[in-house]
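Going by our numbering, the first residue of the sequence shown is number 63, and it counts up by one from there.
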Amino acid sequence: MKLPPRPNTYRDAWCGQLTAERADTTARVAGWVHRRRDHGGLIFIDLRDRSGIVQLVFHPETAPEAHAEAHALRSEDVLSAAGTVARREPANVNPNLKTGEIEVSVNELEILADAQTPPFPVDEDVAVDETLRLRYRPLDLRRKPMLEALELRHRVVATMREVLDARDFLEVETPFLTRSTPEGARDFLVPARQQPGSFYALPQSPQLFKQLLMVGGFERYYQIVRCFRDEDARADRLPEFTQLDLEMAFVAEEDVIETMEAVMGAVFERQGFDVLPPPWPRMTFGEAVARYGTDRPDTRFGLELHDLGEALMATEFKVFSDALKAGGVVRGINTGRRDLPRSELDTLTELAKHHGAKGLVWAFVQPEGWRSPIAKFVSREEMKAINTRLEASEDDLLLIVADKQITAGKVLGALRLELGRRFDLIPETPHDVRWVVEFPMFLWNDEEGRWEAEHHPFTAPTGDLDDPAALLSRSYDLVLDGAEIGGGSIRNHTIDVQQRIFELIGIGPDEAQARFGFLLEAFKYGAPPHGGIAMGIDRIVALIAGRDNIREVIAFPKATSGGDPLTGAPAPVDDAQLRELGFRLRN
Ligand code: ASP
Numbered sequence: 063m064k065l066p067p068r069p070n071t072y073r074d075a076w077c078g079q080l081t082a083e084r085a086d087t088t089a090r091v092a093g094w095v096h097r098r099r100d101h102g103g104l105i106f107i108d109l110r111d112r113s114g115i116v117q118l119v120f121h122p123e124t125a126p127e128a129h130a131e132a133h134a135l136r137s138e139d140v141l142s143a144a145g146t147v148a149r150r151e152p153a154n155v156n157p158n159l160k161t162g163e164i165e166v167s168v169n170e171l172e173i174l175a176d177a178q179t180p181p182f183p184v185d186e187d188v189a190v191d192e193t194l195r196l197r198y199r200p201l202d203l204r205r206k207p208m209l210e211a212l213e214l215r216h217r218v219v220a221t222m223r224e225v226l227d228a229r230d231f232l233e234v235e236t237p238f239l240t241r242s243t244p245e246g247a248r249d250f251l252v253p254a255r256q257q258p259g260s261f262y263a264l265p266q267s268p269q270l271f272k273q274l275l276m277v278g279g280f281e282r283y284y285q286i287v288r289c290f291r292d293e294d295a296r297a298d299r300l301p302e303f304t305q306l307d308l309e310m311a312f313v314a315e316e317d318v319i320e321t322m323e324a325v326m327g328a329v330f331e332r333q334g335f336d337v338l339p340p341p342w343p344r345m346t347f348g349e350a351v352a353r354y355g356t357d358r359p360d361t362r363f364g365l366e367l368h369d370l371g372e373a374l375m376a377t378e379f380k381v382f383s384d385a386l387k388a389g390g391v392v393r394g395i396n397t398g399r400r401d402l403p404r405s406e407l408d409t410l411t412e413l414a415k416h417h418g419a420k421g422l423v424w425a426f427v428q429p430e431g432w433r434s435p436i437a438k439f440v441s442r443e444e445m446k447a448i449n450t451r452l453e454a455s456e457d458d459l460l461l462i463v464a465d466k467q468i469t470a471g472k473v474l475g476a477l478r479l480e481l482g483r484r485f486d487l488i489p490e491t492p493h494d495v496r497w498v499v500e501f502p503m504f505l506w507n508d509e510e511g512r513w514e515a516e517h518h519p520f521t522a523p524t525g526d527l528d529d530p531a532a533l534l535s536r537s538y539d540l541v542l543d544g545a546e547i548g549g550g551s552i553r554n555h556t557i558d559v560q561q562r563i564f565e566l567i568g569i570g571p572d573e574a575q576a577r578f579g580f581l582l583e584a585f586k587y588g589a590p591p592h593g594g595i596a597m598g599i600d601r602i603v604a605l606i607a608g609r610d611n612i613r614e615v616i617a618f619p620k621a622t623s624g625g626d627p628l629t630g631a632p633a634p635v636d637d638a639q640l641r642e643l644g645f646r647l648r649n
């Protein structure tokens with residue numbers, strides 16, 4: 063707490079800030095009963111407020127009335143108490159507590175509210191079922207890890223605001239009730255009462271509005287903003303989440319990157335998060351995928367992927383030759399000297415299949431060849447060539463996947479992470495932060511047989527628009543320890559290019575007009591070159607806090623079901639409400 067509380071009838075000091083300096087003065091504190099202990103005649107209460115904990119002591123002789131009342135106190139009762147700040151006997155000093163040298167000898171106690179026995183202990187950091195924690199979130203928030211996480215979150219956001227304010231960014235709010243925005247997820251829809259049959263969509267991001275703010279001449283915009291995407295919740299993804307969203311006019315990639323390095327560099331530094339100061343290294347998408355099988359590589363450990371195609375030009379092993387003939391790849395990783403039993407190799411094979419592989423080849427390198435189910439199908443020369451390519455030595459375990467390039471990368475990338483964790487190869491620190499750049503503009507959507515924007519369709523391409531497969535985009539992602547924490551791009555600011563991009567992804571002029579006409583129209587009146595980025599605040603805070611679940615850094619998150627055990631949302635509504643909206647449920 064930066065300032066002492068304004069003295070009132072409840073308190074004149076924060077519990078956690080009473081130290082020996084205040085010895086022999088009087089103080090009034092308020093808060094919750096964290097713990098109580100009876101020692102012979104004395105009653106001890108650890109009293110907790112947001113600032114911390116202070117010990118209250120009730121003496122039967124000197125304050126019989128308060129002492130008698132204190133008998134009734136139970137965990138989490140709410141009280142206000144006044145007394146003298148007294149030094150503890152040296153033997154009773156608690157070095158783990160900031161206030162551990164003193165206690166408040168109470169002579170006046172007021173019990174302000176009773177508490178029922180909480181459904182889980184608030185005073186200990188014990189594992190509690192998450193649904194129970196979410197159901198009783200106000201109590202869960204009283205627990206120290208939650209307070210610390212939300213304090214950290216506050217500081218992170220405050221730093222972002224401070225750095226951006228110093229750089230003349232304006233914080234501008236954009237609407238929640240709007241039209242579908244193009245981040246590629248499913249929209250949450252809100253029925254419009256006044257136009258039955260019409261719907262607002264909740265924004266998947268403020269993308270179009272921030273571009274309009276650039277047309278509007280704001281030059282530098284940011285917003286700490288909620289975004290909504292109707293996707294299945296996971297540990298690192300919830301249907302609503304918070305971004306630091308920003309956009310700048312008359313800029314190129316370097317300008318946005320430098321701005322974000324200033325913001326995130328300050329965030330990391332102030333939180334003592336162990337990363338190199340910016341500028342941060344950059345890796346191309348191509349290199350990331352080739353070496354790590356993913357566009358968000360965790361480069362803190364090895365086990366890199368290698369292409370084995372060249373070693374297998376003439377292979378007669380059908381699994382390999384078929385993949386290569388079909389334009390696919392054979393790629394592998396050397397996991398090092400490992401002695402995995404068959405059951406664990408089967409588990410890895412299952413994992414590979416889970417990520418889309420048809421199978422997984424494993425091979426232990428031995429002086430006379432490989433110990434592997436495929437040993438008899440692969441020639442000694444091929445084994446040798448692969449060993450060389452993977453820099454393998456005796457007893458190393460090699461894992462090989464033959465498949466389409468994307469699948470092989472995805473599978474080996476996932477195996478690499480799993481093995482990194484399992485073999486404890488990933489050093490906690492220093493953390494790794496880097497940009498990934500030079501993304502392809504489009505990805506081919508096999509199911510729908512059409513191109514899809516890799517970032518979003520407002521991203522500016524580089525290259526020849528007549529060769530969509532070869533187009534790169536002017537986008538950039540920031541990756542921290544293998545997690546994408548932000549991404550953005552330089553945008554199209556001319557109607558021509560924007561319309562060509564729409565065409566390439568199968569949005570014809572009429573559809574473009576219907577969905578994004580307001581943006582195209584704004585471009586008619588002089589749009590500056592512009593670009594921006596958005597950072598995922600939930601994930602950033604979780605990574606800094608070292609929590610593996612973003613719900614741990616959100617006050618009132620949804621559960622993985624997408625529901626909220628606290629409020630019961632989503633919930634049915636009554637017929638009258640539906641009728642007003644022009645709806646009737648079929649069942
Ligand atoms: N709107 C994008 C997103 O939410 C970020 C950006 O391009 O600025 O991912």
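Glycine included, C-beta positions come from ideal geometry on N, C-alpha and C.
Cβ of residue i within 8 Å of Cβ of residue j?
{"i": "Val155", "j": "Leu118", "result": "no"}
{"i": "Ala464", "j": "Gly390", "result": "yes"}
{"i": "Ala311", "j": "Pro590", "result": "yes"}
{"i": "Leu171", "j": "Leu203", "result": "no"}
{"i": "Val252", "j": "Tyr262", "result": "yes"}
{"i": "Thr221", "j": "Ala328", "result": "yes"}
{"i": "Met345", "j": "Val498", "result": "yes"}
{"i": "Ile599", "j": "Thr409", "result": "no"}
{"i": "His121", "j": "Val337", "result": "no"}
{"i": "Asp249", "j": "Ser260", "result": "no"}
{"i": "Glu514", "j": "Ile567", "result": "yes"}
{"i": "Pro207", "j": "Ser137", "result": "no"}
{"i": "Val541", "j": "Leu214", "result": "no"}
{"i": "Lys620", "j": "Ala295", "result": "yes"}
{"i": "Leu452", "j": "Gly394", "result": "yes"}
{"i": "Val192", "j": "Thr81", "result": "A small fix is needed here, since residue 192 is Glu in this sequence, not Val. No, the Cβ-Cβ distance between Glu192 and Thr81 is not below 8 Å."}
{"i": "Met597", "j": "Gly548", "result": "yes"}
Roughly how many whole angstroms lie between the Cα atoms of residue i and residue j?
{"i": "Asn169", "j": "Leu135", "result": "15 Å"}
{"i": "Arg553", "j": "His592", "result": "6 Å"}
{"i": "Ala454", "j": "Leu370", "result": "13 Å"}
{"i": "Ala388", "j": "Arg358", "result": "27 Å"}
{"i": "Val392", "j": "Thr469", "result": "11 Å"}
{"i": "Val225", "j": "Asp457", "result": "53 Å"}
{"i": "Ile319", "j": "Leu534", "result": "18 Å"}
{"i": "Asn396", "j": "Leu461", "result": "7 Å"}
{"i": "Arg353", "j": "Gly418", "result": "19 Å"}
{"i": "Thr46", "j": "Phe564", "result": "Examination of residue 46 is not possible in this model, given that the chain is present from 63 through 649 alone."}
{"i": "Ala175", "j": "His96", "result": "14 Å"}
{"i": "Ser383", "j": "Phe439", "result": "12 Å"}
{"i": "Leu306", "j": "Cys289", "result": "10 Å"}
{"i": "Glu372", "j": "Glu490", "result": "36 Å"}
{"i": "Asp539", "j": "Arg433", "result": "41 Å"}
{"i": "Leu159", "j": "Gly78", "result": "9 Å"}
{"i": "Glu516", "j": "Pro244", "result": "12 Å"}
{"i": "Pro627", "j": "Val190", "result": "15 Å"}
{"i": "Asp185", "j": "Ile115", "result": "11 Å"}
{"i": "Phe106", "j": "Thr146", "result": "14 Å"}
Per DSSP, residue i is paired with what?
{"i": "Pro523", "result": "Ser535"}
{"i": "Asp29", "result": "Nothing in the structure corresponds to residue 29, since the chain is present only between 63 and 649."}
{"i": "His101", "result": "Leu104"}
{"i": "Cys77", "result": "Per DSSP, none; premise fails for Cys77."}
{"i": "Asp465", "result": "Val391"}
{"i": "Arg90", "result": "Ala144"}
{"i": "Phe303", "result": "Cys289"}
Any idea if residue i is buried or exposed, counting beta-carbon neighbours within 10 angstroms, 16 or more meaning buried?
{"i": "Asp528", "result": "exposed"}
{"i": "Trp76", "result": "buried"}
{"i": "Tyr284", "result": "buried"}
{"i": "Lys415", "result": "exposed"}
{"i": "Pro435", "result": "exposed"}
{"i": "Glu83", "result": "exposed"}
{"i": "Phe618", "result": "exposed"}
{"i": "Lys272", "result": "buried"}
{"i": "Thr161", "result": "buried"}
So with Cβ pairs under 8 Å, would you call residue i a contact of chain C?
{"i": "Glu480", "result": "The structure shown contains no chain C, having only a single protein chain."}
Runs of beta strand (DSSP E) wholly within the segment 472-512 (minimum 3 residues, chain order): 495-499 and 504-507
Which full runs of the beta strand (DSSP E) of 3+ residues lie inside the segment 214-277, going along the chain? 251-253 and 261-263
Quick check for students: name the residue ranges of the beta strand (DSSP E) that lie wholly in the segment 354-425, counting only runs of 3 or more. 391-399
Entirely within the segment 578-635 and at least 3 residues each: give me those beta strand (DSSP E) ranges in chain order. 592-598
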